[in-house]
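In terms of the working numbering, the sequence shown opens at residue 9 and continues consecutively. For glycine and all other residues, C-beta sits at the position ideal for the given N, C-alpha and C.
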Amino acid sequence: MTDSQAVFRFAPSPNGALHLGHAYSAIVNFELARETGGRFLLRMEDIDTERCSPELERGILEDLEWLGIEWDGPVRRQSEHFDDYRAALEALEAEGLVYRSWLSRSEIRRLVEAREEELGSWPRDPDGAPLFPGSRDETGDPAEPHLLRLDMEQAIARIGMPQYWQEGGAGPGGETGPVEADPAAWGDVVLARRDTPTSYHLSVVIDDALQGVTHVVRGRDLFHSTSVHVVLQELLGLPRPNYVHHDLVLGDDGRKLSKSRRDTSLRSLREAGFTPGDIRRTIGLADRGSATRPAG
């Protein structure tokens with residue numbers, strides 16, 4: 009691989025069947041890689057070892073092969089690289105940027121309810137979840153189940169603001185070009201659990217860096233998460249890829265597709281007689297000129 013070679017990736021979680029939205033992202037990444045003379049990598053985001061399985065992974069591989077998608081090099085499975093994430097987490101802990109939290113979901117809910125009764129409202133992250141109401145002063149038994157959270161206030165102070173990422177698609181508000189990150193909107197995000205030494209936020213930035221990914225092309229639902237990824241990249245000294253957040257393929261009800269909706273799974277559509285060409289037409293990719301504008 010040369011320094012100028014573009015590297016794209018598709019990174020599904022093998023905890024269910026691929027649906028039309030996955031097909032859109034996979035096809036766009038694969039074809040962009042081929043058109044630019046770059047590489048297309050496949051990664052399995054299987055840190056949830058209870059819900060993910062080899063059987064579901066095999067189904068994903070079969071769906072991709074049916075679509076005519078080929079990947080370069082071996083599949084990277086996150087479950088085989090926990091040591092990579094653990095090393096990054098230990099580096100953050102050594103800098104005093106991570107703290108333990110023992111609060112359960114029910115305890116967090118009660119705290120938020122109490123704050124809302126007192127203040128009238130409580131801030132929520134871009135996904136609509138209330139910001140963590142606790143603090144690093146919390147104490148508990150390290151042997152008991154707990155989470156590791158990023159002290160976002162200290163992290164922001166450490167890297168300095170503003171920080172930007174380069175957006176080649178468009179955010180929910182039409183943002184494009186250099187986009188200013190807003191990590192404070194997420195509060196103290198979870199970086200790991202006692203039984204899983206990583207989280208989506210941590211593993212995705214580590215994987216992208218280790219795999220040399222230069223272009224992250226993914227759904228617009230992850231646009232705001234990039235603010236967290238920018239912070240972690242800066243703290244860990246990782247390269248920052250270019251980002252393209254595309255529109256989502258929506259269901260008939262106007263909502264984002266879910267793996268629980270079997271009627272949109274590639275396997276069920278294939279069994280119903282759909283061809284790869286039918287899939288492309290359904291998601292608006294029959295014309296390659298519309299590659300970043302899926303139907304829906």
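Original post:
With distances taken between CB atoms, is the gap from Ala34 to Pro22 smaller than 9 Å?
Top reply: no
Subject >> Test item: CB-CB of Arg84 and Arg51 under 9 Å >> reply: yes
Original post:
So, are the CB atoms of Glu53 and Ser211 less than 9 Å apart?
Top reply: yes
Original post:
Mind checking whether Arg67 and Arg275 have CB atoms under 9 Å apart?
Top reply: For the sequence presented, residue 67 should be read as Gly rather than Arg. Yes, the Cβ-Cβ distance between Gly67 and Arg275 is below 9 Å.
Original post:
Can you give, in chain order, each stretch of the alpha helix (DSSP H) that sits fully within the region 138-187 and has at least 4 residues?
Top reply: 160-167
Original post:
Among the residues of its own chain, which have a CB less than 6 Å from the CB of Pro170, if the five just before and after it don't count?
Top reply: Glu188
**OP:** Compare the C-alpha of Pro205 against each of Glu101, Ser273, Asp135 and Gln13 and name the closest.
**Re:** Glu101
**OP:** Report yes if the CB atom of Ala221 is closer than 9 Å to the CB atom of Arg17, and no otherwise.
**Re:** One detail in the question is off: residue 221 reads as Val in this sequence, not Ala. Cβ atoms of Val221 and Arg17: closer than 9 Å.
Original post:
CA-CA distance, Thr44 and Ala14?
Top reply: Roughly 7 Å between the two C-alpha positions.
**OP:** Identify every run of the alpha helix (DSSP H) within the region 81-130, keeping only runs that are complete inside it and at least 4 residues long; order them along the chain.
**Re:** 90-102 and 113-127
Subject >> Ser61, DSSP secondary structure in three states >> reply: coil
Original post:
If you drop the 5 nearest sequence neighbours on each side, which residues of the same chain put their C-beta closer than 6 Å to that of Arg138?
Top reply: Position check: residue 138 holds Pro in this sequence, whereas Arg was assumed. Here the set comprises Val120, Trp130 and Arg132.
Original post:
So Ser109 packs on Leu155, CB below 8 Å; how close in whole Å?
Top reply: 5 Å
Original post:
Which whole-angstrom value describes the C-beta separation of Leu111 and Glu152, a residue pair presumed to lie in contact below a C-beta threshold of 8 Å?
Top reply: At roughly 12 Å, the Cβ-Cβ gap does not stay under 8 Å, so Leu111 and Glu152 are not in contact.
**OP:** Assign Tyr172 to one of two classes, buried (16 or more other C-beta atoms within 10 Å of its C-beta) or exposed (fewer than that).
**Re:** exposed
Original post:
In whole angstroms, what separates the C-alpha of Ala163 from that of Tyr208?
Top reply: 18 Å
Subject >> Entirely enclosed beta strand (DSSP E) segments - the region 176-262, minimum 3 residues >> reply: 185-188, 198-201, 223-227 and 250-254
Subject >> Three-state secondary structure assigned by DSSP to Ser276 >> reply: In the structure shown, Ser276 falls within a helical segment according to DSSP collapsed to helix, strand and coil.
Original post:
If Arg228 sits next to His254, beta carbons under 8 Å apart, how far is it from one beta carbon to the other, in whole angstroms?
Top reply: By a beta-carbon distance limit of 8 Å, Arg228 contacts His254. Their separation comes to about 6 Å.
Subject >> Cα-Cα separation between Gln96 and Ala280, rounded to whole angstroms >> reply: Correcting the residue identity first, residue 96 is Ala in this sequence and not Gln. So the alpha carbons of these two residues sit roughly 45 Å apart.
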